[in-house]
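Just so you know, the sequences run in chain order A and B. Mapping to my numbering: the first sequence position 54 is 54, numbers consecutive. Add 1000 to the 1-based position in the second sequence for my numbering, that's all there is to it.
Number of protein chains: 2
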Amino acid sequence: MSAREQRQVASDAGLSKQRVVVEAVRLADREGVDGLSMRRLAGALGAGAMSLYHYVASKEELLDAMIDIVFEEIELPPEETDWQSAMRRRAVSARQVLARHPWAIGLMESRTSPGPANLRHREAVTACLRRAGFPVLMATHANWLLDSYVYGFALQEASLPFDTADELADMAEDVFLPQLPPDEFPYLNESAAALVAAGYDPAEEFIFGLDLTAVL
Amino acid sequence: MSAREQRQVASDAGLSKQRVVVEAVRLADREGVDGLSMRRLAGALGAGAMSLYHYVASKEELLDAMIDIVFEEIELPPEETDWQSAMRRRAVSARQVLARHPWAIGLMESRTSPGPANLRHREAVTACLRRAGFPVLMATHANWLLDSYVYGFALQEASLPFDTADELADMAEDVFLPQLPPDEFPYLNESAAALVAAGYDPAEEFIFGLDLTAVL
DNA sequence: ATAGTATACGTACGGTGTACGAGCCAGCGA
DNA sequence: TCGCTGGCTCGTACACCGTACGTATACTAT
Chain A
1 MSAREQRQVA SDAGLSKQRV VVEAVRLADR EGVDGLSMRR LAGALGAGAM
51 SLYHYVASKE ELLDAMIDIV FEEIELPPEE TDWQSAMRRR AVSARQVLAR
101 HPWAIGLMES RTSPGPANLR HREAVTACLR RAGFPVLMAT HANWLLDSYV
151 YGFALQEASL PFDTADELAD MAEDVFLPQL PPDEFPYLNE SAAALVAAGY
201 DPAEEFIFGL DLTAVL
Chain B
1001 MSAREQRQVA SDAGLSKQRV VVEAVRLADR EGVDGLSMRR LAGALGAGAM
1051 SLYHYVASKE ELLDAMIDIV FEEIELPPEE TDWQSAMRRR AVSARQVLAR
1101 HPWAIGLMES RTSPGPANLR HREAVTACLR RAGFPVLMAT HANWLLDSYV
1151 YGFALQEASL PFDTADELAD MAEDVFLPQL PPDEFPYLNE SAAALVAAGY
1201 DPAEEFIFGL DLTAVL
């Protein structure tokens, strides 16, 4: 049995850039971006650390490719509907995807050159707006505004220390409120109580803000 | 001359948590968050690496403290004006501060427990909205929406590979356009050209989107 | 003088990204 | 069939990272 066949037993297939990057995304989803090291990634692929460098020039490039995979998962604005619904759909999809890969939003700050999926995405969004009659500069304004909202929302969502309404209730009682003396933070106390009482659903919250964004 | 006095010659003052964190912010501003290591930070302070741990329990805590310093720099909503102007002022200030410390936005994703300045800030904003007559839940909605826009805008701004309109023009010609075949990306080409022609000012762009945010 | 505490740091350990070069092997021209 | 080449894999090594641990010094209170 050759060494290559042994590897295939261990990892189900030969390496490839695709496989490396996909596994990296999976690892980051599971353990966070700090838990993603070349050695651990190689281990997950049943390979030696240095083998990865045949498919990826550096860890930087790997991170870039991971981000581009995330963009690939976001739905493009559908062409068959009016532009408002199209923008909505892709915004909702973007939030879902970014919530699935919370590490991605934190990576974007440091990665300045967009990958191909990112470019395709931007092109599709701009096309949708332009075809709906937006003047060129107005289309870029709308793009900035919508992306700002989506990214910012995802960022806040990622930094929430709870995932469900129940967890929120628990943490509010055990962690937040003890930190918030009512005389110093009366309004935050009030808000926390109201939030716990009303329940909190990020998807709803997202739609609410989206509706208040005047472009749509 | 005592060891302490020698250190003071090298670094102008004894250590303190304040001094450590402030210098860390300065270092991150200058070299990016990846260039911030405990050893380099200690070097900048004229101290040994392990001395820092007397003022900071871990690098994580240092990063938390750095973010809180950033929040400290953001103007609180002024109390003497109407709530719209107050929200605007603090949003504009937040963008400026986050543009000054681009690393901060990328750190927020991973840091889940807000520091004291952050809390004070949120309290002040919520107070402003509540006193203006917002119902409790509406105030948190408005908070989410505005923060989303501000953070998302800052994130996009941080990931721009240029700082001035001139740099934009240069990079568009030398870097972007060659990457964007006009037949594949017609609308992005159009946008790039229009942007270069019109010039680009993030502060203006920010205000434009802020105006379209229906809460205000 | 003595004890205790606050401050500073040297050393060392296990981790990181990755440069370098050696090995393996399929495929191919002779 | 031989030998070579080029793609692929990986072991080793280096510089750097965060930080556990122990120690040295200076200052304060007794």
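The beta carbon of each residue, even a glycine, is placed where N, CA and C say it ideally should be.
Coarse secondary structure for residue i, derived from DSSP in three states
i                : result
T1081 of chain B : coil
T126 of chain A  : helix
L210 of chain A  : helix
L1160 of chain B : coil
V196 of chain A  : helix
F153 of chain A  : helix
H1121 of chain B : helix
A1132 of chain B : coil
R100 of chain A  : helix
S51 of chain A   : helix
T140 of chain A  : helix
F71 of chain A   : helix
L145 of chain A  : helix
D201 of chain A  : coil
P1116 of chain B : helix
is_contact[residue i, chain A] using C-beta, thresh 9 Å
i                : result
M1108 of chain B : yes
F1071 of chain B : no
A1139 of chain B : yes
Q1179 of chain B : yes
R1004 of chain B : Note that R1004 of chain B scores a pLDDT of 41, beneath 50, so its modelled location is shaky; the value from the coordinates is reported in the next line. So, not an interface residue.
G1035 of chain B : no
E1184 of chain B : yes
L1063 of chain B : no
G1014 of chain B : no
G1043 of chain B : no
Residue i CB to nearest heavy atom of the ligand GDP below 8 Å
i              : result
L27 of chain A : Ligands in the displayed structure: none, and consequently the ligand GDP is not present.
Closest by C-alpha distance to residue i, when choosing among the options
i                : options                            : result
N189 of chain A  : A:A198, A:L177, A:A197, A:G199     : A:L177
V21 of chain A   : A:D68, A:E205, A:V136              : A:D68
D211 of chain A  : B:L1195, B:G1035, B:H1141          : B:H1141
D163 of chain A  : A:L180, A:A117, A:A203, A:P114     : A:A203
D1183 of chain B : A:N143, A:M87, A:A127              : A:A127
E157 of chain A  : B:Q1156, B:E1109, B:A1172, B:N1143 : B:E1109
G1048 of chain B : B:G1014, B:A1192, B:A1091          : B:G1014
E60 of chain A   : A:E31, A:G209, A:M38, A:E72        : A:M38
Y200 of chain A  : B:E1167, B:A1091, B:L1137          : B:L1137
V196 of chain A  : A:L76, A:M171, A:L180              : A:M171
Q96 of chain A   : A:V150, A:E167, A:L41              : A:V150
A139 of chain A  : B:E1205, B:R1026, B:L1062          : B:E1205
A132 of chain A  : A:G35, A:W83, A:S16, A:S58         : A:W83
Contact check, residue i vs residue j, beta carbons under 9 Å
i                : j                : result
E1123 of chain B : F134 of chain A  : no
G1101 of chain B : D1029 of chain B : The sequence given here places His at residue 1101 of chain B; Gly does not occur at that position. Their beta carbons are under 9 Å apart, which means H1101 of chain B touches D1029 of chain B by this criterion.
L129 of chain A  : T213 of chain A  : no
A65 of chain A   : A154 of chain A  : no
P1161 of chain B : S85 of chain A   : no
G106 of chain A  : V33 of chain A   : yes
S1045 of chain B : E1031 of chain B : Residue identity differs from the one stated: residue 1045 of chain B is Leu in this sequence, not Ser. No, Cβ-Cβ distance for L1045 of chain B and E1031 of chain B is not below 9 Å.
V125 of chain A  : I207 of chain A  : no
T1081 of chain B : R1090 of chain B : no
Any C-beta of chain B under 9 Å from that of residue i
i               : result
Q84 of chain A  : no
S58 of chain A  : no
S93 of chain A  : no
G32 of chain A  : yes
R100 of chain A : no
I74 of chain A  : no
R111 of chain A : yes
Y187 of chain A : yes
M1 of chain A   : Reliability of the predicted coordinates at M1 of chain A is poor, the pLDDT of 37 falling under 50, and the value obtained from them is presented with this limitation in mind. It does not; no Cβ of chain B falls within 9 Å.
L27 of chain A  : no
T213 of chain A : yes
G237 of chain A : The first residue shown for chain A is 1 and the last is 216, placing residue 237 of chain A beyond what the model contains.
Task: Interface positions of the region 1142-1153 of chain B facing chain A (Cβ-Cβ less than 7 Å), listed along the chain - done: W1144, L1145, D1147, S1148, Y1149, V1150, Y1151, G1152, F1153
Task: Under 8 Å (Cβ pairs) to chain B, residues found in the region 189-204 of chain A - done: E190, S191, A194, L195, A198
TODO: Could you name the residues of the region 1155-1171 of chain B whose beta carbon sits closer than 8 Å to any beta carbon of chain A, in the order they occur along the chain?
DONE: L1155, Q1156, A1158, S1159, L1160, P1161
Task: Under 7 Å (Cβ pairs) to chain A, residues found in the region 1120-1138 of chain B - done: R1122, E1123, T1126, A1127, R1130, V1136, L1137
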